[in-house]
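According to our numbering, numbering within the sequence shown proceeds without interruption in unit steps and concludes at 428.
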Amino acid sequence: MKSEPLSFLSGTHVGPWEIYLEQVDRVTPYLGKYAVLVEHLKRPKRILVVDIPIHLDDGSVAHFEGYRVHHNTARGPAKGGVRYHQDVTMSEVMALSAWMTIKNAAVGLPYGGGKGGVRVDPRKLSPGELERLTRRYTSEIGFLIGPDKDIPAPDVGTGEREMAWMMDTYSMNIGRTASGVVTGKPVAVGGSLGRRDATGRGVFVAAAAAAEKIKLPVEGARVVVQGFGNVGSAAARIFHDHKARVVAISDVTGAVLNEAGIDPYDLLAHVAATGGVRGYPKAAAIPAPDVLTVPCDFLVPAALEGQITKDNAWKIEARIIAEGANGPTTPAADDILLERGTVVVPDVLANAGGVTVSYFEWVQDFNSFFWSEAEINQRLERIMKNAFEAIWQVHQEKKVSLRTATYIVAATRVLEARALRGLYP
Ligand code: GLU
């Protein structure tokens, strides 16, 4: 395999980082005395770019490009996932790290924001190659991470297996087991019950809280899910468990539609057998981009950034959009959706369930005392509902979108911490 050229040296297009900056500009007029400090949100604290050379199975050596970004640590250690995807860029990891700062503050977790990424298509590597990549990446970023410094977790393209390798590599390098260095681990090595479904569960809780506000019953509601990975599949299952009707689902292989409802458990069995939703016999195939415009009550974008844009936002016929993915909606699309009266529960609130249970995992690892799944789900629900309620109030009082309301709450917390700590040295 040929090593990719370094992506961050090329191109000046508007990437996810510029979208984040625009979101910050929109909140600045509402920050009162903290508005003068807003520049702190517009600059990542530190960025590490690493070269990851690994032996491929054929004996050759391939180089991959890796990142770890600490966006802000005013409220605590950096926290955020690691993405493996062929399109990872520095702009993307910077934006993802900033969205973690906002997300963690929005739900009140004692963390700053960080994110990592490797520019690789993990489907093209063997398990052995992936293990060597993960271990080398972990070693390269080893001096930045630690249970009280920066705690990685899964994101697109990574999961429990990669987290176990990261935990082991870091632990071997420092000579003792440090299970709290990453979250999203398998339960057998210090992971938390409920972590696997936590993001999808949180999406459901946030979406249901929004539905209550507009008096939309979940039972019988039409649900459309874009992306059928960890987040989308859990959200689909939990909506289905609550008697909603999941009518369309897409993933990288295609999209399927059935007006009578798709059983996400059955679809998961098909995906396990065939590798994707394409060819699912109990639903009709539709073009993947069309999934976003299927009329529905709840639309859950749970794939990648930049999916809902000014080109398709006006065609969306959903009453509530609950963002499972990070950054699925551009600011221009936000404006169109606001005008059309669509309730957008933003990523930095809707998908905070994952990092919330990551926080529980980290706390449990520190104490070596583990909670029951029921307790975890209960605490998750409480945190998500309280955060939603506080943000809904701001949205009503200031007459701003839920995204801007979330940024008002979160940015105020981050900048208050910054102001209290002051500058040193
Ligand atoms: N990658 C997830 C997110 O974007 C989870 C991060 C974490 O658990 O630290 O929120």
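Quick reminder that beta carbons are idealized off the backbone N, C-alpha and C, glycines included.
Would you call residue i buried or exposed, if buried means 16 or more other Cβ atoms sit within 10 Å of its Cβ?
i      : result
Tyr268 : exposed
Arg179 : exposed
Ala288 : exposed
Pro331 : buried
Ala377 : exposed
Phe242 : buried
Ala305 : buried
Ile379 : buried
Gly119 : buried
Tyr23  : buried
Val39  : exposed
Arg122 : buried
Tyr140 : buried
Taking 7 angstroms as the cut-off, is the CB of residue i close to at least one heavy atom of the ligand GLU?
i      : result
Ser100 : no
Asn75  : no
Asn329 : yes
Thr186 : yes
Met103 : yes
Val397 : no
Asp233 : The sequence shown places Asn at residue 233, not Asp. No, since every heavy atom of the ligand GLU falls outside the 7 angstroms radius drawn around the Cβ of Asn233.
Pro298 : no
Ala210 : no
Ala38  : no
Gly84  : yes
Pro19  : no
Asp368 : no
Gly357 : yes
Ala109 : no
Asn354 : yes
Ser361 : yes
Asp158 : yes
Lys106 : yes
Nearest CA to the CA of residue i: which residue from the options?
i      : options                        : result
Thr92  : Trp102, Trp20, Lys82           : Trp20
Glu320 : Pro334, Thr333, Val303         : Val303
Val351 : Thr31, Ser6, Ala98, Asp61      : Ala98
Gly115 : Lys285, Glu364, Ala413         : Ala413
Asp254 : Val403, Val280, Arg240         : Val280
His58  : Val30, Val110, Arg135          : Arg135
His245 : Ala210, Leu260, Gln229         : Ala210
Gly162 : Ala390, Arg199, His66          : Arg199
Gln396 : Met387, Arg385, Ala224, Ala408 : Ala408
Ser63  : Glu132, Thr31, Val96, Arg122   : Glu132
Ala77  : Leu196, Ser100, Val417, Asn329 : Val417
Val72  : Val110, Pro155, Gly425, Lys36  : Pro155
Glu262 : Leu271, Ala247, Glu42          : Ala247
Val96  : Lys106, Gly84, Ile105          : Gly84
Met166 : Val27, Val190, Ala291, Ala251  : Val190
Asn233 : Pro220, Val226, Ala201         : Ala201
Pro205 : Val110, Glu68, Glu308          : The sequence given here places Gly at residue 205; Pro does not occur at that position. Among Val110, Glu68, Glu308, the Cα nearest to that of Gly205 is on Val110.
Ala275 : Phe231, Gly264, Ala212         : Phe231
Lys188 : Val360, Val41, Tyr140, Phe146  : Val360
Is any beta-carbon of chain B found at less than 8 angstroms from that of residue i?
i      : result
Ala414 : Structure shown: chain B not included; a single protein chain is present.
Could you tell me the alpha carbon to alpha carbon distance between residue i and residue j, rounded to whole angstroms?
i      : j      : result
Asp171 : Val358 : 21 angstroms
Pro80  : Leu295 : 36 angstroms
Ala393 : Arg406 : 13 angstroms
Thr256 : Leu51  : 33 angstroms
Gly149 : Ala286 : 46 angstroms
Ser404 : Ser6   : 43 angstroms
Glu25  : Pro284 : 43 angstroms
Phe363 : Val185 : 12 angstroms
Asp158 : Lys82  : 12 angstroms
Pro298 : Ala258 : 15 angstroms
Tyr33  : His398 : 12 angstroms
Gly282 : Lys401 : 47 angstroms
Gln310 : His74  : 24 angstroms
Ala353 : Ala237 : 13 angstroms
Lys218 : Val347 : 15 angstroms
Asn107 : Lys313 : 28 angstroms
Arg240 : Asp266 : 8 angstroms
Ile386 : Leu112 : 9 angstroms
Gln381 : Trp102 : 25 angstroms
Ala181 : Trp374 : 19 angstroms
Pro290 : Ala336 : 21 angstroms
Ile339 : Ile144 : 41 angstroms
Trp365 : Asp153 : 11 angstroms
Ile323 : Val30  : 22 angstroms
Gly203 : Gly327 : 7 angstroms
Worksheet entry | Runs of beta strand (DSSP E) lying entirely within the stretch 98-186, each at least 3 residues, in chain order | The qualifying runs are 116-122.
Fill in: Residue ranges of each beta strand (DSSP E) within the stretch 49-93, 3 or longer
DSSP runs (the beta strand (DSSP E)) wholly in the stretch 49-93: 49-58, 64-75, 85-88.
Worksheet entry | Uninterrupted beta strand (DSSP E) stretches inside the stretch 362-398 (no shorter than 3 residues) | Listed in chain order, nothing qualifies, since the stretch 362-398 has no complete beta strand (DSSP E) run of 3 or more residues.
Worksheet item: Unbroken beta strand (DSSP E) runs of length 3 or more, entirely within the stretch 317-365: which are they?
Response: Fully contained in the stretch 317-365 are the following beta strand (DSSP E) runs of length 3 or more, in chain order: 321-325, 346-348.
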